[in-house]
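So the structure is just underneath, and the comments pick up after that.
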Amino acid sequence: MNKIGLFYSFHTGKTAKVAEKVIEAFEGTEIEAVNVEEINEEVFLKYDNIVVGVPTWFDGELPNYWDEFVPALKDLDLSKKKIAIFGLGDQKGYPENFNDGIGILADLFESLHATIVGFTSIEGYTYESSRAQRGNQFCGLAIDQENQARLTSKRIKDWAEQLKKEF
Ligand SMILES: Cc1cc2nc3c(=O)[nH]c(=O)nc-3n(C[C@H](O)[C@H](O)[C@H](O)COP(=O)(O)O)c2cc1C
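Taking our numbering, the leading residue of the sequence shown gets 111, the next gets one more, and so forth.
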């Protein structure tokens, strides 16, 4: 498998911890961490297999430090890229926007012709609505450290195994 680029903000609390677990789960596969706050086209285009980690903030928005990321990708052709997204959210605190960030990024990447991989079941979560939901799946991996932290390690391990096949 080609080297994986793992994009997330190095200045986050929980997302950075989850990203470390993702790296562990991919043991045996080359995976490089990249700070989304230092994103540019060249860095993003370096990888064909990409994992992106994003928390949802502000009632269904991306955090401010993603402001540079979206314009940086605006005119790129991502048609050869496979992208998997994990998100952090709080299904009890924000049930109407649970992990919307996953869906926001999936829509962006798909508009640039990337293939989104790593869909997971919505079973086991309780919320009202989510931009990440497509049918009975999330278009990525939804992590909830506020309410379901004890499920996180297994969710990540299973997801990494799935991605080793999908990448
Ligand atoms: C101000 C604020 C707004 C939030 N909005 C949402 C939201 O709309 N949807 C959601 O699922 N989680 C929301 N959350 C929960 C965070 O996504 C969650 O706490 C996450 O673990 C934070 O990760 P971080 O420490 O990497 O930023 C919000 C948290 C805060 C503090």
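C-beta atoms are modelled at their ideal positions from N, C-alpha and C, and glycine is treated no differently.
Compute the minimum distance between the beta carbon of residue i and the heavy atoms of ligand 1, and state whether it is under 7 Å.
| i | result |
| --- | --- |
| glutamate 178 | no |
| phenylalanine 120 | no |
| tryptophan 167 | yes |
| lysine 275 | no |
| leucine 186 | no |
| tyrosine 204 | yes |
| asparagine 112 | no |
| glutamate 147 | no |
| asparagine 174 | no |
What three-state label does DSSP hand residue i in the structure shown?
| i | result |
| --- | --- |
| proline 181 | helix |
| glutamate 271 | helix |
| threonine 225 | strand |
| isoleucine 253 | strand |
| threonine 262 | helix |
| asparagine 145 | strand |
| threonine 125 | helix |
| aspartate 200 | coil |
| glutamate 137 | coil |
| phenylalanine 208 | coil |
| glutamate 238 | coil |
| aspartate 187 | coil |
| lysine 131 | helix |
Quick one: residues in its chain with C-beta nearer than 7 Å to the C-beta of residue i, no 5 flanking neighbours on either side, listed in chain order?
| i | result |
| --- | --- |
| glutamine 247 | Phe229, Thr230, Ser231, Ile232 |
Could you name the residues that DSSP lists as bridge partners for residue i?
| i | result |
| --- | --- |
| valine 161 | Leu116, Ala194 |
| glutamate 82 | Missing from the structure shown is residue 82; the chain here goes from 111 to 277 and no further. |
| arginine 244 | Gln247 |
| serine 231 | Gln247 |
Does any heavy atom of ligand 3 sit closer than 7 Å to the C-beta of residue i?
| i | result |
| --- | --- |
| glycine 234 | With respect to small molecules bound, the structure shown includes ligand 1 and not ligand 3. |
With a CB to CB cut of under 6 Å and the five nearest residues on each side skipped, what residues in its chain are close to residue i?
| i | result |
| --- | --- |
| alanine 194 | Val161, Val227, Gly228, Leu273 |
| tryptophan 299 | The first residue shown for the chain is 111 and the last is 277, placing residue 299 beyond what the model contains. |
Checking contacts by CB at 8 Å: is residue i closer than that to chain B?
| i | result |
| --- | --- |
| lysine 274 | Protein chain content of the structure displayed is limited to a single chain, and chain B is not contained in it. |
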